[in-house]
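*Asks:*
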Amino acid sequence: KNQVEQSPQSLIILEGKNCTLQCNYTVSPFSNLRWYKQDTGRGPVSLTIMTFSENTKSNGRYTATLDADTKQSSLHITASQLSDSASYICVVSARNAGNMLTFGGGTRLMVKP
Amino acid sequence: GAGVSQSPSNKVTEKGKDVELRCDPISGHTALYWYRQSLGQGLEFLIYFQGNSAPDKSGLPSDRFSAERTGGSVSTLTIQRTQQEDSAVYLCASSSGGPHSPLHFGNGTRLTVT
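Residue numbers (the working numbering), protein chains in the order written: chain A, 15 to 127; chain B, 2 to 115.
1. Could you work out which residue in B:N53, B:Y36, B:V20, B:R111 is closest to L115 of chain A when comparing CA atoms only?
2. Closer than 9 angstroms, Cβ to any Cβ of chain B: which residues of the region 114 to 126 of chain A, in chain order?
3. If you count every other CB in all the chains shown that lies within 10 Å of the CB of I26 of chain A, and 16 or more means buried, which is it?
4. Starting from the C-beta of S95 of chain B, find all residues in its chain whose C-beta is less than 6 angstroms away, skip the five residues before and the five after it, and write them out in chain order.
5. Tell me, please, whether the CB atom of V59 of chain A is closer than 9 angstroms to any CB atom in chain B?
6. Counting contacts by CB-CB distance shorter than 9 angstroms, is G74 of chain A in contact with chain B?
7. From the DSSP output, read off the bridge partner residues of S95 of chain B.
8. What runs of the beta strand (DSSP E), each 3 residues or longer, lie entirely inside the region 4 to 80 of chain B?
9. Less than 9 angstroms separating the beta-carbons of T62 of chain A and A82 of chain A?
10. Would you kindly report the start and end of the unbroken beta strand (DSSP E) that includes L47 of chain A?
What follows is the structure, given as structure tokens:
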């Protein structure tokens with residue numbers, strides 16, 4: 015069964031600090047891994063998409079890594095800001111008809127001043 | 002507008018009533034998805050459209066749920082005889098359909114069944 019597990023479920027950090035969110039998956043056959051940011055009351059917004067051959071991708075202060083051998087990904091946030099407070103969702107796409115997406119449960123990040 | 006638009010943004014209905022939720026995808030996007038998100042929970046897949054056809058409707062929770070897409074554009078999700086457990090945020094997303102294309106989400110319709 016395709017699964018995506020994220021940790022931690024929630025995290026509180028102080029403004030300016032760095033943090034790393036984890037994602038483990040068992041989706042097969044693998045097509046790509048995506049990280050989304052979801053602000054409260056809004057739809058998710060894409061941060062990065064990584065294919066099998068990519069092991070790191072950055073989007074501003076967000077850096078995602080992918081280890082396709084161990085089926086793990088991480089999202090590192092540098093110099094956190096209050097606006098980073100949101101849920102971060104890891105999504106893995108399978109290489110099949112319809113490119114089925116499996117969503118993780120998300121990590122809820124709160125950045126405090 | 003340039004993004005995915007959903008209407009209404011909020012809907013309160015009485016148990017047993019039917020509701021229709023609307024999604025206007027980004028122009029030219031061939032793929033359209035419906036998801037459901039209960040409070041504090043992850044996204045639950047409902048149905049996927051490629052053009053006007055729905056090759057995957059495996060996530061629809063019961064036969065009270067149906068969806069259609071016309072003209073390869075607007076989609077409506079219909080819930081008949083609503084139940085309290087249907088209360089959730091219903092999110093629509095569209096993409097250009099390529100395997101590595103990002104999904105663009107609307108801000109959802111918050112449905113409350115009283």
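Every residue, glycine too, gets a C-beta built ideally from N, C-alpha and C. Because the structure is a prediction, the values reported are computed rather than measured.
*Replies:* According to the structure shown:
1. Position 101 of the first sequence, counting from 1, holds the residue named residue 115 of chain A. Nearest to L115 of chain A by alpha-carbon distance, out of B:N53, B:Y36, B:V20, B:R111, is B:Y36.
2. Residues of the region 114 to 126 of chain A with a Cβ closer than 9 angstroms to any Cβ of chain B, in chain order: M114, L115, T116, F117, G118, G119, G120, R122.
3. As a position in the first sequence, residue 26 of chain A is number 12, starting the count at 1. Exposed: under 16 other Cβ atoms inside 10 Å.
4. Position 94 of the second sequence, counted from the start, is the residue given in the question as residue 95 of chain B. Setting aside the 5 residues that flank it on each side, S95 of chain B is surrounded in the same chain by V5, P26, I27, H30, L33, H105, each with a C-beta closer than 6 angstroms to its C-beta; the list follows chain order.
5. Locating residue 59 of chain A in the first sequence gives position 45, counting from the first residue. With 9 angstroms as the cut-off, V59 of chain A counts as an interface residue toward chain B.
6. What you label residue 74 of chain A is simply residue 60 of the first sequence in a count that begins at 1. No, G74 of chain A does not count as interfacial toward chain B.
7. Your numbering for residue 95 of chain B matches position 94 in the second sequence. Here S95 of chain B is bridged, per DSSP, to B:L33, B:H105.
8. DSSP runs (the beta strand (DSSP E)) wholly in the region 4 to 80 of chain B: 6 to 8, 11 to 14, 20 to 25, 32 to 38, 44 to 51, 54 to 57, 66 to 70, 76 to 80.
9. Locating residue 62 of chain A in the first sequence gives position 48, where the first residue counts as 1. Locating residue 82 of chain A in the first sequence gives position 68, where the first residue counts as 1. Between T62 of chain A and A82 of chain A, the CB-CB gap reaches or exceeds 9 angstroms.
10. The residue you call residue 47 of chain A lines up with position 33 of the first sequence. That run of the beta strand (DSSP E) goes 44 to 52.
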